[in-house]
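Numbering (my numbering) for the sequence shown: 22 to 532.
Just so it is clear, CB atoms sit at the ideal spot from N, CA and C, and this is done for glycine as well.
Single-structure report; data block below.
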Amino acid sequence: MVGNESSDAGTSIQRSEMSSSSVRVVDDRSGDLLDNTRKAALRRLEEVRIGEEEAQLSEEQISSNDQRQEDEIQIHYDFSDDYTVSTKLCSSNITFKGNSQADTDSAHPDDFLYSFKVQHLPPVVLICLLPESYPSNHAPYFTVYTPWLDALKISIISHMLNDIWLAQAGQEVIYKWVEWLKNSSLAHLGLDNGLMLSAYDMSDNKDMSMLSGNFSLEHVIPWIISYNDEKCTKTFLNSLQLCIICFNEFAGHNFVRLPCKHFFCFKCMETYLNMHVREGNVTKLMCPDTKCGCLVPPTVLQRLLGRETFERWESLLLQKTLASMSDVVYCPRCETGCLEAEENHAQCSKCFFSFCSICRERRHVGLQCMTPELKLKILQERQNLSNIKDTQRKKEQEMVNEILSIREALRDSKQCPSCKIAISRIEGCNKMTCGNCGNFFCYNCGKMIDGYEHFSTGCELFQSDQIMAWEERMNPRQMRDQIRANLFREAAHMCPNCRQKNIKVLCLLSN
Numbered sequence: 022m023v024g025n026e027s028s029d030a031g032t033s034i035q036r037s038e039m040s041s042s043s044v045r046v047v048d049d050r051s052g053d054l055l056d057n058t059r060k061a062a063l064r065r066l067e068e069v070r071i072g073e074e075e076a077q078l079s080e081e082q083i084s085s086n087d088q089r090q091e092d093e094i095q096i097h098y099d100f101s102d103d104y105t106v107s108t109k110l111c112s113s114n115i116t117f118k119g120n121s122q123a124d125t126d127s128a129h130p131d132d133f134l135y136s137f138k139v140q141h142l143p144p145v146v147l148i149c150l151l152p153e154s155y156p157s158n159h160a161p162y163f164t165v166y167t168p169w170l171d172a173l174k175i176s177i178i179s180h181m182l183n184d185i186w187l188a189q190a191g192q193e194v195i196y197k198w199v200e201w202l203k204n205s206s207l208a209h210l211g212l213d214n215g216l217m218l219s220a221y222d223m224s225d226n227k228d229m230s231m232l233s234g235n236f237s238l239e240h241v242i243p244w245i246i247s248y249n250d251e252k253c254t255k256t257f258l259n260s261l262q263l264c265i266i267c268f269n270e271f272a273g274h275n276f277v278r279l280p281c282k283h284f285f286c287f288k289c290m291e292t293y294l295n296m297h298v299r300e301g302n303v304t305k306l307m308c309p310d311t312k313c314g315c316l317v318p319p320t321v322l323q324r325l326l327g328r329e330t331f332e333r334w335e336s337l338l339l340q341k342t343l344a345s346m347s348d349v350v351y352c353p354r355c356e357t358g359c360l361e362a363e364e365n366h367a368q369c370s371k372c373f374f375s376f377c378s379i380c381r382e383r384r385h386v387g388l389q390c391m392t393p394e395l396k397l398k399i400l401q402e403r404q405n406l407s408n409i410k411d412t413q414r415k416k417e418q419e420m421v422n423e424i425l426s427i428r429e430a431l432r433d434s435k436q437c438p439s440c441k442i443a444i445s446r447i448e449g450c451n452k453m454t455c456g457n458c459g460n461f462f463c464y465n466c467g468k469m470i471d472g473y474e475h476f477s478t479g480c481e482l483f484q485s486d487q488i489m490a491w492e493e494r495m496n497p498r499q500m501r502d503q504i505r506a507n508l509f510r511e512a513a514h515m516c517p518n519c520r521q522k523n524i525k526v527l528c529l530l531s532n
């Protein structure tokens, strides 16, 4: 392919001058990993050019060759989409993160098969020196290299390029080389269904079309993944995408891409995140996709939420985290978070008040905590005293109300086995989800569970009293719905055109 660089191109070929105006270079610059190799290729090709004698040409032939050389300057490579790259790694030495599949049934017990999917492969780089006698008498001096092909495969490619030149000597060949590399090289190498990577060393290689050096898998695999991610991101940003929340299409740069690969438009994500922070559901800031449980990264939250909303999210998250920690209690005087010491004692770091972490009263060494009933009785008796100050009476009345509320809540609630938060069930089954830590537990026995399998071994999912209460609420609704349905059948009239049944509704408007 000859032309300007496009978004799906895998290789760009450019022209630069060497030691004389009659020698031109076609090269590709595809990243830091290949820079040193590219320079080595140029040095090797220059050595080859100097070491060989070229045929003596007339000025007319040289001018014709220059014109024909100018016809192929920029060339681009495309590679297969949804391509599988695999390699055998030693688990004791190398660890990679990503969407991979491991096969432990390998020959060596420490080896495993690591594979990942890519949509774009890094380019195979073709570097050429075009002599004055090209294309009439001499083939281009060339070298082929890429870190994801081993020495044997590169040698096969080099021999194939030589065969293409011999089949049409005297004609421009670089374009045909690139077309073959682009469309037929993977199939020719038997790699059209996948690529098996292997580390290789070509330090002792004598083939001048192959570069010396070695490439380790620790560098090649991250490089391939990084290249693929960069190309996918570029393609995503330059194309229209559909938001599955609002079902509108926008350009890719108007979307937020989460680590789970799901994406949503900025407006929908901003509304979604602000709603949860406003309602205090900071532990539910997950990917909006119903089948995904990936958390939204803080960097995305900071970018989409305003400064005040983001600070509220940080504050709520800190409160939720401290509330879920079993050794963190709050000072009853200034509400400062404190770490619980031995024997249920804690001391506030702000006001230095030493208190019992169970009853939240002054520290009482060697004495049992006062029960809520006894504390309630004492406070109610103090309310009847006439010499108590109004401010103290009001404060103690608030304590009485708080104790009554706690006692009522404990009567109709169960504690989450993970974070110990009291949870009341209004209706529904015995599979409960803690709103604080998000864990599942059985409301009947109070044990942590993973799913509904727990209810097949003893505990009932729906208790009979809950079912009866639900039927008592639903039966009147069903009766009202049945009456309305009967009235609709009796009073409905068919449309003379489409035969749709309709009922006349009388609306009363009051001034």
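(Q) Tell me the rounded alpha-carbon separation between R520 and A513. (A) 11 Å
(Q) With a threshold of 7 Å on Cβ separation, who are the neighbours of K174 within its own chain once the five nearest residues in sequence on each side are excluded? (A) Here the set comprises L210.
**Q.** Selected residue, minimal CA-CA separation from C455, among T304, K282, T105
**A.** T304
Q.
Residues in the same chain with beta-carbon distance under 7 Å from R383, minus the five sequence neighbours each way, listed in chain order, please.
A. F376
Q. Are at least three pairs of beta-carbons, each pair with one atom in the region 261 to 268 and one in the region 188 to 199, less than 8 Å apart?
A. no
Q) Which runs of the alpha helix (DSSP H) fall wholly inside the region 145 to 200 and span at least 4 residues, in chain order? A) 172 to 188
Q: Quick one: residues in its chain with C-beta nearer than 7 Å to the C-beta of F117, no 5 flanking neighbours on either side, listed in chain order?
A: Confidence at F117 is low in this model, with a pLDDT of 47, below 50, so the placement of that residue is unreliable and no value is reported for it.
(Q) Quick check: what's the CA-CA separation for Y351 versus G358? (A) 5 Å
**Q.** Classification of P497 by the beta-carbon crowding that lies within 10 angstroms, buried from 16 upward
**A.** exposed
Q: Taking Q521 as part of the beta strand (DSSP E), name the residues at either end of that continuous run.
A: DSSP places Q521 in no beta strand (DSSP E); its state is neither H nor E.
**Q.** Segments assigned alpha helix (DSSP H), at least 4 residues, entirely inside the region 285 to 360
**A.** 287 to 300, 319 to 325, 328 to 345
Q: Please go through the same chain and pick out, in chain order, the residues whose beta-carbon is closer than 7 Å to the beta-carbon of R381, but skip the five residues on each side of it.
A: P353
Q: In the DSSP assignment, find the alpha helix (DSSP H) that holds K533 and state where it starts and stops.
A: Because the chain here runs from 22 to 532, residue 533 falls outside it and cannot be looked at.
Q.
Counting C-beta neighbours from all protein chains within 10 Å, is the total for P152 16 or more, i.e. buried, or is it exposed?
A. Buried, because 16 or more other Cβ atoms sit within 10 Å of the Cβ of P152.
(Q) Taking the alpha carbon of C149 as the reference point, which residue from K138, I177, P168, W198 has its own alpha carbon closest? (A) Here the closest residue by C-alpha is W198.
**Q.** Start and end residues, beta strand (DSSP E) containing S206
**A.** Element bounds for S206: not the beta strand (DSSP E) but the alpha helix (DSSP H), 206 to 209.
Q: Tell me whether the beta-carbon of N457 lies closer than 7 Å to the beta-carbon of C480.
A: The answer is no: Cβ separation not under 7 Å.
Q) Measuring CB to CB, does C315 end up less than 7 Å from Q140? A) no
(Q) Check whether the region 274 to 294 and the region 165 to 185 are in contact - that is, three or more C-beta pairs closer than 8 Å. (A) no
Q: Name, in chain order, the residues that DSSP records as bridge partners for E106.
A: First, the residue type needs correcting, since residue 106 is Val and not Glu in the sequence shown. Assignment of beta-bridge partners to V106 by DSSP yields F137, L216.
Q) According to the Cβ coordinates, are F476 and M469 closer than 7 Å? A) no
Q. Taking DSSP as the reference, what is the three-state secondary structure of L482?
A. coil
Q | First through last residue of the beta strand (DSSP E) which encompasses S375 | A | 375 to 377
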